[in-house]
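Numbering (my numbering), first residue to last: 4 to 220.
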């Protein structure tokens with residue numbers, strides 16, 4: 004699926020979950036997977052960075068607190084190296100055989116974290132997206148939560164990884180980046196208030212999924 008100049012290929016059975024730290028993506032992913040599996044379809048649930056053995060090793064490098072911090076470009080290129088592997092080894096084959104794919108984060112995360120929060124070159128991110136990813140989800144659910152609440156949740160789970168250990172202003176820029184992308188692409192994004200109880204958030208996500216499926220039929 005290498006793509007050197009044509010528009011990204013929107014994949015009708017590819018759904019992504021986005022949001023800052025502690026947004027509750029894992030709970031929502033489980034709820035969406037259950038609904039899709041009930042139709043008898045195959046569902047592949049995955050995550051980024053990660054989703055293949057090699058990509059998971061890259062994830063470990065990215066989140067490790069024991070070596071020097073990567074530069075912004077290093078972080079970005081590592082994320083896209085993992086993503087290129089993820090698309091080719093996991094996502095593309097699943098979509099090709101007719102499965103649904105739900106990913107906890109995808110390329111929008113690079114625009115929010117390496118672009119908005121780190122100040123990376125957005126045009127470079129877009130070029131990497133075209134050249135080494137080539138695909139886009141048809142539906143993205145953005146679980147939006149104020150930074151202080153999200154960090155309290157995330158840091159309550161145990162030791163922080165390198166990203167979770169960033170300052171609050173970093174995560175404010177992440178949140179702003181996500182909301183700006185959602186505003187610019189309303190046909191793909193659905194924003195959910197993730198401060199609500201987990202079961203309510205999951206129910207809203209399922210409702211968005213059902214509406215998406217009905218509209219696509």
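No residue lacks a Cβ here, since even glycine has one placed at the ideal position from N, Cα and C.
Just so we're clear, the structure is a prediction, and the values are computed from it rather than from any experiment.
Per DSSP, residue 90 is not a residue of any alpha helix (DSSP H), being assigned neither H nor E.
In the three-state reduction of the DSSP assignment, residue 24 falls in the coil class. Within the same chain, Cβ atoms closer than 7 Å to the Cβ of residue 66 are found at 164, 165 and 166, the five residues on either side in sequence being excluded.
Inclusion of residue 111 and residue 184 in the CB contact set at 8 Å is warranted, their separation being smaller than that value. Residue state for residue 30 is assigned as helix, using DSSP reduced to three classes. Beta-bridge annotation (DSSP): residue 138 is paired with 12.
If you check the CB distance, residue 74 and residue 122 do not come in under 8 Å. In this structure, DSSP gives residue 144 an extended state, which the three-state scheme calls strand. According to the DSSP assignment, residue 198 belongs to no alpha helix (DSSP H), since it is labelled neither H nor E.
For residue 166, there is no enclosing beta strand (DSSP E), as DSSP marks it with neither H nor E. By the beta-carbon neighbour count (other beta carbons within 10 angstroms, threshold 16), residue 97 is buried.
In the three-state DSSP reduction, residue 156 falls in the helix class (H, G or I).
Residue pairing of residue 48 in beta bridges, as defined by DSSP: 105.
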